[in-house]
Amino acid sequence: MTSRHVIFSHGKESGPWGSKISAMAEVARSEGYEADSVDYRGVEDPHDRVTRLLSFCRDLRGDLVLVGSSMGGHVAAAASSLLRAQGLFLLAPAFYMPGCEHLTPKPAECPLTIVHGWRDDVVPVENSIRYAREHDATLHLIDADHRMQDQITLINYLFEYFLVALDLPHLQKQAEKRA
300 MTSRHVIFSH
310 GKESGPWGSK
320 ISAMAEVARS
330 EGYEADSVDY
340 RGVEDPHDRV
350 TRLLSFCRDL
360 RGDLVLVGSS
370 MGGHVAAAAS
380 SLLRAQGLFL
390 LAPAFYMPGC
400 EHLTPKPAEC
410 PLTIVHGWRD
420 DVVPVENSIR
430 YAREHDATLH
440 LIDADHRMQD
450 QITLINYLFE
460 YFLVALDLPH
470 LQKQAEKRA
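Printed below as a string of structure tokens:
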């Protein structure tokens, strides 16, 4: 069986195993994925974070899903093509930030879901709306601030749905072979 990995990229002000990532990692494991999180603490530059993510994933074999929150969303999207990600799940990604609009990365050609809170006062929700429109992403706008701590249960449901949907083409092919 092919190994499957979910790799998390945290935001600038958080750590690799905060409550959101820990909860989502349990969802990933329940769906048959190995889950890990890159530690970017002390690494301020987004390019250096992308380099760290690429290095972290270098020896992984099998299916890869990238998850990123805030600056981690920017990092995951930037690395997604080089890593040939099969899926990209982003929480309040730091796209089109003032002075850095030209650095907003293009995602890999893979399923892309963005979750963003209406009450976000760090990354404007309009940035995710724009990115979703430009890259044909699924977008969920929820009643939350930037940290989304009060919506972890909803985020977990959305993440589980995302992972299950990634399996549907594979499961359909298996069913066709059996028929």
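Those letters in the sequence shown? Residues 300 to 478, per the working numbering, in order. In this text, a Cβ means the ideal position worked out from N, Cα and C, and glycines have one as well. Bear in mind that the values here come from a model prediction, so they are computed numbers and not experimental data.
So E433 is in the alpha helix (DSSP H); what residue range does that whole segment cover? V424 to E433
So the beta strand (DSSP E) F388 belongs to, where does it begin and stop? Residues G386 to L390.
In its own chain, which residues sit with a C-beta less than 6 angstroms from the C-beta of R328, not counting the 5 before and 5 after it? A334
From the DSSP secondary-structure annotation, give me the bridge partner or partners of S308. V337 and G367
Would G386 pass as a contact of G310 if the rule is Cβ separation under 7 angstroms? no
One question on the structure: do Q384 and P404 come within less than 7 angstroms of each other, judged by their Cβ atoms? Checking the displayed sequence, the identity of residue 384 turns out to be Ala instead of Gln. No, the Cβ-Cβ distance between A384 and P404 is not below 7 angstroms.
Cutting at 7 angstroms between CB atoms, please list the residues of its own chain near R360, excluding the five before and the five after it. For R360, where only same-chain residues beyond five positions count, the Cβ hits under 7 angstroms are S302.
Compare the C-alpha of I320 against each of V342, C399, F355 and S368 and name the closest. S368
S530 versus F394 - alpha carbon distance: With the chain represented from 300 up to 478, any question about residue 530 goes unanswered, as that position is not in the structure.
So which of R446, I454 and V374 has the shortest CA-CA distance to H439? Distance check between H439 and each of R446, I454 and V374 places I454 closest, using alpha-carbon atoms only.
For H401, which residues in the same chain have their Cβ closer than 7 angstroms to its Cβ, ignoring the five residues on either side in sequence? none
Other residues of its chain near A464: CB distance less than 8 angstroms, five sequence neighbours each side excluded: P410
Flag this pair as yes or no: are the beta carbons of A436 and D419 separated by less than 7 angstroms? no
Under 7 angstroms between the Cβ atoms of H415 and V424? yes
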